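>
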Amino acid sequence: MNVYLAQTQETLKKVCLEPYNLSQGNKQYDGYKYDFKNKRFVKIIFTISYSQFNEIKYIKNDGQIIRINKLIDLQKSPDILTNLEQINHLQWQGAYNGDLEKVGYWRALWKGAALIDVGGFYKNGKKFGIWKELFKNYWDKAQIYEIGEYSNDNRKGVWKFVYREQQIGGGEYDEQGLKTGNWIDLNDDFWDSHQITYHGQYRNGLKVGQWKTFKEDRNENFELIGGGYYNEQGLKNGQWEDLNSNFNQDENVYFNGAYSNDLKIGMWNINQREEKGDQKIAGGVYNEQGLKEGLWLDVSPEFQKDSKIFYKGNYQNGRKIGRWETIYQNNSIGGGFYDNQELKIGQWAEICDNFWNKCQVVYHGEYKNGKKYGRWDISYKEQILIWPEWIGGGQYDEQGCKIGKWVDLSNNFHDDNQSTYNGEYKNGKKQGIWDLKNIDILIGGGLYDEDGLKNGIWIDQSDIFGADNIVTFQGNYQHGKRINNWTWNYFTEWNNDIQKIDGGFYNAECQKDGIWLDLSDNFENYNQIIYQGEYQNGHKQGKWDIKFRYYLDNDFDLIGGGCYDKDGYRNDQWLDLSENYSKKNQVVYKGKYKKSKKYGEWEIQYKNEQIGGGFYEEFDQKNGVWIELSDQFNQACKILNSGEYIEGKKFGRWQIKYKGWGKNNYKQIGGGWYGEVGLKDGIWIVLSENFREDSKIIYQGVYQNGKKKGKWSIKYRGRREKHYQEIGSGCFDDQGLKNGLWIVLSDTFCDQNQLVYSGKYYNGKKVGKWNEYKIGEKQICKQDQNKE
0 MNVYLAQTQE TLKKVCLEPY NLSQGNKQYD GYKYDFKNKR FVKIIFTISY
50 SQFNEIKYIK NDGQIIRINK LIDLQKSPDI LTNLEQINHL QWQGAYNGDL
100 EKVGYWRALW KGAALIDVGG FYKNGKKFGI WKELFKNYWD KAQIYEIGEY
150 SNDNRKGVWK FVYREQQIGG GEYDEQGLKT GNWIDLNDDF WDSHQITYHG
200 QYRNGLKVGQ WKTFKEDRNE NFELIGGGYY NEQGLKNGQW EDLNSNFNQD
250 ENVYFNGAYS NDLKIGMWNI NQREEKGDQK IAGGVYNEQG LKEGLWLDVS
300 PEFQKDSKIF YKGNYQNGRK IGRWETIYQN NSIGGGFYDN QELKIGQWAE
350 ICDNFWNKCQ VVYHGEYKNG KKYGRWDISY KEQILIWPEW IGGGQYDEQG
400 CKIGKWVDLS NNFHDDNQST YNGEYKNGKK QGIWDLKNID ILIGGGLYDE
450 DGLKNGIWID QSDIFGADNI VTFQGNYQHG KRINNWTWNY FTEWNNDIQK
500 IDGGFYNAEC QKDGIWLDLS DNFENYNQII YQGEYQNGHK QGKWDIKFRY
550 YLDNDFDLIG GGCYDKDGYR NDQWLDLSEN YSKKNQVVYK GKYKKSKKYG
600 EWEIQYKNEQ IGGGFYEEFD QKNGVWIELS DQFNQACKIL NSGEYIEGKK
650 FGRWQIKYKG WGKNNYKQIG GGWYGEVGLK DGIWIVLSEN FREDSKIIYQ
700 GVYQNGKKKG KWSIKYRGRR EKHYQEIGSG CFDDQGLKNG LWIVLSDTFC
750 DQNQLVYSGK YYNGKKVGKW NEYKIGEKQI CKQDQNKE
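As numbered in numbering that gives the first Met the number 0, residues 0 to 787 make up the sequence shown, in order.
#1: From the DSSP secondary-structure annotation, give me the bridge partner or partners of Arg39.
#2: Leaving out the 5 sequence neighbours to the left and right, which residues in its chain are closer than 7 Å to Asp623 when beta-carbon positions are compared?
#3: Does the structure place the region 573 to 591 close enough to the region 599 to 606 that three or more beta carbon pairs sit under 8 Å?
#4: For the beta strand (DSSP E) holding Leu516, just list the boundary residues, first then last.
#5: Applying the criterion that 16 or more other CB atoms from any shown protein chain within 10 Å of the CB defines a buried residue, is Asn20 buried or exposed?
#6: Give me, in chain order, the residues of the same chain whose beta-carbon lies closer than 8 Å to that of Ile458; leave out the 5 immediate sequence neighbours on both sides.
#7: Residues in the same chain with beta-carbon distance under 8 Å from Lys211, minus the five sequence neighbours each way, listed in chain order, please.
#8: Confirm, please, whether the CB-CB distance from Gly276 to Lys765 is below 9 Å.
#9: Report yes if the C-beta distance between Ser418 and Phe464 is below 9 Å; otherwise report no.
#10: Return yes when the Cβ of Trp769 is within less than 9 Å of the Cβ of Glu274, no when it is not.
#11: If you run the structure through DSSP and keep just helix, strand and coil, what is His88?
#12: Please determine, among His88, Gly700, Lys721, Gly169, the residue with the shortest C-alpha to C-alpha distance to Ser712.
#13: Count the other C-beta atoms from every protein chain shown that fall within 10 angstroms of the C-beta of Glu231, then say buried if there are 16 or more, exposed otherwise.
#14: Using 8 Å for Cβ pairs, my map puts Trp375 next to Gly399. What's the rounded Cβ distance?
#15: Shortest alpha-carbon distance to Leu205 belongs to which of Tyr563, Leu177, Ile58?
#16: Helix, strand or coil, according to DSSP, for Leu83 in the structure here?
#17: Reducing DSSP to helix, strand and coil, say where Cys730 ends up.
#18: Quick one: Cα of Gly804 to Cα of Leu740, how far?
#19: Could you pull out every residue in the same chain whose Cβ sits closer than 8 Å to the Cβ of Lys606, ignoring the five residues on either side in sequence?
#20: Find out if the Cβ-Cβ distance for the pair Glu397, Tyr372 is shorter than 9 Å.
#21: Drop a sphere of 10 angstroms on the beta-carbon of Ala281, count the other beta-carbons inside from all chains shown, and report buried for 16 or more, exposed for fewer.
#22: What's the gap between the Cα of Tyr772 and the Cα of Lys36?
#23: By Cβ distance below 6 Å, which residues in the same chain neighbour Asn255 in space, the five residues on each side in sequence not counted?
#24: In chain order, what are the residue ranges of uninterrupted beta strand (DSSP E) at least 3 long that sit wholly in the region 227 to 312?
#25: Cα separation between Gly317 and Gln477?
#26: How is the beta strand (DSSP E) around Glu533 delimited, first residue to last?
#27: I'd like to know whether the C-beta atoms of Asn68 and Asn96 end up nearer to each other than 9 Å.
#28: Give the DSSP-derived three-state secondary structure of Gly758 in the structure shown.
#29: According to the neighbour-count rule (16 or more other Cβ atoms, all chains shown, within 10 Å of its Cβ), is Leu73 buried or exposed?
#30: Could you pull out every residue in the same chain whose Cβ sits closer than 6 Å to the Cβ of Gln527, ignoring the five residues on either side in sequence?
#31: Would you report the Cα separation of Ile456 and Ile143, rounded to the nearest angstrom?
#32: Please determine, among Lys597, Gly705, Phe618, Asp630, the residue with the shortest C-alpha to C-alpha distance to Asp191.
#33: Between Ile626 and Ile638, which are expected to be in contact by the criterion C-beta below 8 Å, what is the C-beta distance as a whole number of angstroms?
#34: Tell me the rounded alpha-carbon separation between Gln784 and Asp556.
#35: Quickly, what does DSSP pair Asp184 with across the bridge? List them, please.
#36: Under the DSSP definition of a beta bridge, which residues are partnered with Asn484?
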């Protein structure tokens, strides 16, 4: 058998893919990379190129080849990857038989390390038996698994979605591999901050009857945010509330209107959920063919609280025509004209793909027959300034290709990363020497070959580049591929010096090889975390150290690490860092691994002092008494949860303890009971997701099988008060949805902003008028209740 390292992946964004055909040449896709510092996604354009040497190349728009897949079975369509995180980090490893069919056990690796039990068996190229698969948009903040059985490459029986060691969805497949019965589906773009699920019924693989869309927050509240009915043919009919299909759009934006056999018809409103209740913000009319007609106010696909972009203009049979405006903060900041074929013509001003408060970039120029032509200029306005300035641009030829001298912006350009690329285009491809500048200071660059690929010595901007972490990456390219040794350049602002830190070696397959030093995703001046160890053909091997350095420190201190075996599994003693490790939040986990599964005693340490921990059974299951840290644990807000696990599920009485700023001891402030299936039951006191010293909010009420039920009280304790006092309340129905009169707190409630709202919920949604007032305005509160 031929052992071959295969690599697969799906997408953070829905993309239509054509059947495999090497002659189709290049295809361009929108990828997204998460900016950990600014907590938002950055759009990065990349190209998939099919070569005559039976290869699929993934090429970023800056001319770097980030992945090459060799095609083994030319009779089958290849797995095409469109999620940048997976393109960079996901590998599949297994064997092929003499007919080039997958056989035996195949497993997945992420960032060079083996994933626990992810994979399954092939027989003659078909899956069979129990499989643990990655959710289609798996990445660091969407660690979701699909677990169930295959028979002859078809799913059968019960399948479940598992997230954070808990089942959050799933259902059953029939003998034909079609979904049947009741299901809980996950939104394709489900991740930590976007937990959207769909609840309803399948018949012969088609959705039928009523389907509901839910969102769950960290306070375990289920909010009904959409849904409607499917007919017997699986087509939407009647009134619906839809979410946008773009994952990067605010989940509080939804669309409501009528469907007829899956076609939108009549008036559709675009609404936004706000603390004062839902507000209509845009919308328009669909004709009988399901096409937009007449005057519309659209929202941008990336509509967020810090990038509220609207597009205003007319449609004719689904095509934009005439004058269209781009509106931001109630001002027209761009737009232009469409002809009768929806081709842009004349002068236009277009916002950049990643436009938001800190990236107010607009492109200005002319269109001819839908193609950019002539001179285009780039303007940019800093958030704190009134007027924009010109920062870049260049020339387009009659085919809409860039030519001549250009100043382009970096993919993640914003107020704290004002980096530009300066060089020349020929027929739309970068050629020759290009300079990388940060606020007009030369910090890097290199040479492009005739195919527009990087070649020779380059200094790249790092993925984490910003005002608080001016880091570049220096080394050699060979026709777009990073090869040989690469070095980190770290600019220390306090002494105006550049410190060189060894990175590592890339082999001919673009894989890391030998000793490497990797930077953490959230590396910055005041939180310098690095990982140092050995790769072998992209796999982590042997001892890996985790080191930390504060801004003005000279040396990195060893704070964690452990060993990988030859297959990329963690083994023996490890010291892991918490996800939010920093100088102020020095939380680590100490214990042993066996094939990447935790076992035996594990300690949770804070500043080298044990504050929690417990015992893992052989199968990575918690058992016995445990003390765990809450998600919000930090230097100023120390919250512990303590109780018992039985076979990986919480059981019996659990306590919530809190130690405030400057206090010596933990005090119990909440808790309750878990039933036999690990779900909350009975009376509970839980903390708000924003609980801290200046926002001490607790919720008190009853759980039934993990769902809130009946009356729940919201209580608050100010800094000078000794006891918690009720400041809000309301009732949950049998489905765990809010119903009836409620008094709720503002999302930003704290000692200095004691703002609350009163109004009605219906099936988990705010309805009617909601009133706003501050704590202490008792008369208003009583008046509101009397009105109800």
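We put the beta carbon where it would ideally sit given N, CA and C, even for glycine.
Remember, predicted model here, so these are calculated numbers, not experimental data.
Taking the definition as stated:
#1: Paired residue(s): Asp34.
#2: One point to set straight first is that residue 623 is Gly, not Asp, in the sequence displayed. Non-local beta-carbon contacts of Gly623 in its own chain, meaning distances under 7 Å to residues more than five positions away in sequence, involve Gly613, Phe614, Glu643, Tyr644 in chain order.
#3: Contact between the region 599 to 606 and the region 573 to 591 is present: three or more C-beta pairs spanning the two stretches fall below 8 Å.
#4: Here the beta strand (DSSP E) through Leu516 covers 511 to 518.
#5: In this prediction, Asn20 scores a pLDDT of 48, lower than 50, which makes its location untrustworthy; the coordinate-derived value is nonetheless stated afterwards. It counts as exposed.
#6: If we look at Ile458 and ignore the five residues flanking it on each side, its Cβ neighbours are Leu435, Ile442, Gly443, Gly444, Gly445, Thr471, Phe472, Gln473, Asn488.
#7: Taking Lys211 as the centre and dropping the five residues before and after it, the same chain places the C-beta of Tyr197, His198, Gly199, Leu223, Gly225, Gly226 closer than 8 Å to its C-beta, in chain order.
#8: Yes, these two residues count as a Cβ contact at 9 Å.
#9: Closer than 9 Å, so yes.
#10: In contact: Glu274 and Trp769 (Cβ atoms closer than 9 Å).
#11: Judged by DSSP in its simplified three-state form, His88 adopts helix.
#12: Here the closest residue by C-alpha is Gly700.
#13: With fewer than 16 Cβ atoms within 10 Å of its Cβ, Glu231 is classed as exposed.
#14: Their Cβ separation, rounded to whole angstroms, is 11 Å, which puts Trp375 and Gly399 out of contact at 8 Å.
#15: Comparing Cα-Cα distances from Leu205 to each of Tyr563, Leu177, Ile58, the minimum goes to Leu177.
#16: The answer is helix: DSSP assigns Leu83 an H, G or I state.
#17: Of the three classes helix, strand and coil, the one that applies to Cys730 here is strand, per DSSP.
#18: Because the chain is modelled from 0 through 787, residue 804 falls outside the range shown and cannot be assessed.
#19: Same-chain partners within the cutoff: Gln585.
#20: Going by C-beta atoms, Glu397 is nearer than 9 Å to Tyr372.
#21: Residue burial is scored here from C-beta neighbours: Ala281 has at least 16 other C-beta atoms within 10 angstroms and is therefore classed as buried.
#22: In a straight line, the C-alpha of Tyr772 is about 34 Å away from that of Lys36.
#23: In its chain, beyond the 5 residues on either side, Glu240, Asn268 have a beta carbon closer than 6 Å to the beta carbon of Asn255.
#24: Counting only runs of 3 or more, we get 235 to 242, 252 to 259, 262 to 273, 276 to 285, 291 to 298.
#25: Near 46 Å, if we compare the C-alpha coordinates of Gln477 and Gly317.
#26: Looking at the DSSP string, the run of the beta strand (DSSP E) that includes Glu533 is 527 to 535.
#27: Between Asn68 and Asn96, the gap from beta carbon to beta carbon reaches 9 Å or more.
#28: Looking at Gly758 - three-state DSSP - the assignment turns out to be strand.
#29: That one is exposed.
#30: Within the same chain, Cβ atoms closer than 6 Å to the Cβ of Gln527 are found at Arg548, the five residues on either side in sequence being excluded.
#31: Each residue's alpha carbon lies about 39 Å from the other.
#32: Closest by C-alpha distance to Asp191, out of Lys597, Gly705, Phe618, Asp630, is Asp630.
#33: A Cβ-Cβ distance of about 11 Å is found for the pair Ile626 and Ile638, leaving them out of contact under the 8 Å criterion.
#34: Low per-residue confidence applies at Gln784: pLDDT is 40, beneath 50, and the placement is therefore not dependable enough to give any value.
#35: In the DSSP assignment, the residues bridged to Asp184 are Tyr197.
#36: BP columns for Asn484 point to Phe504.
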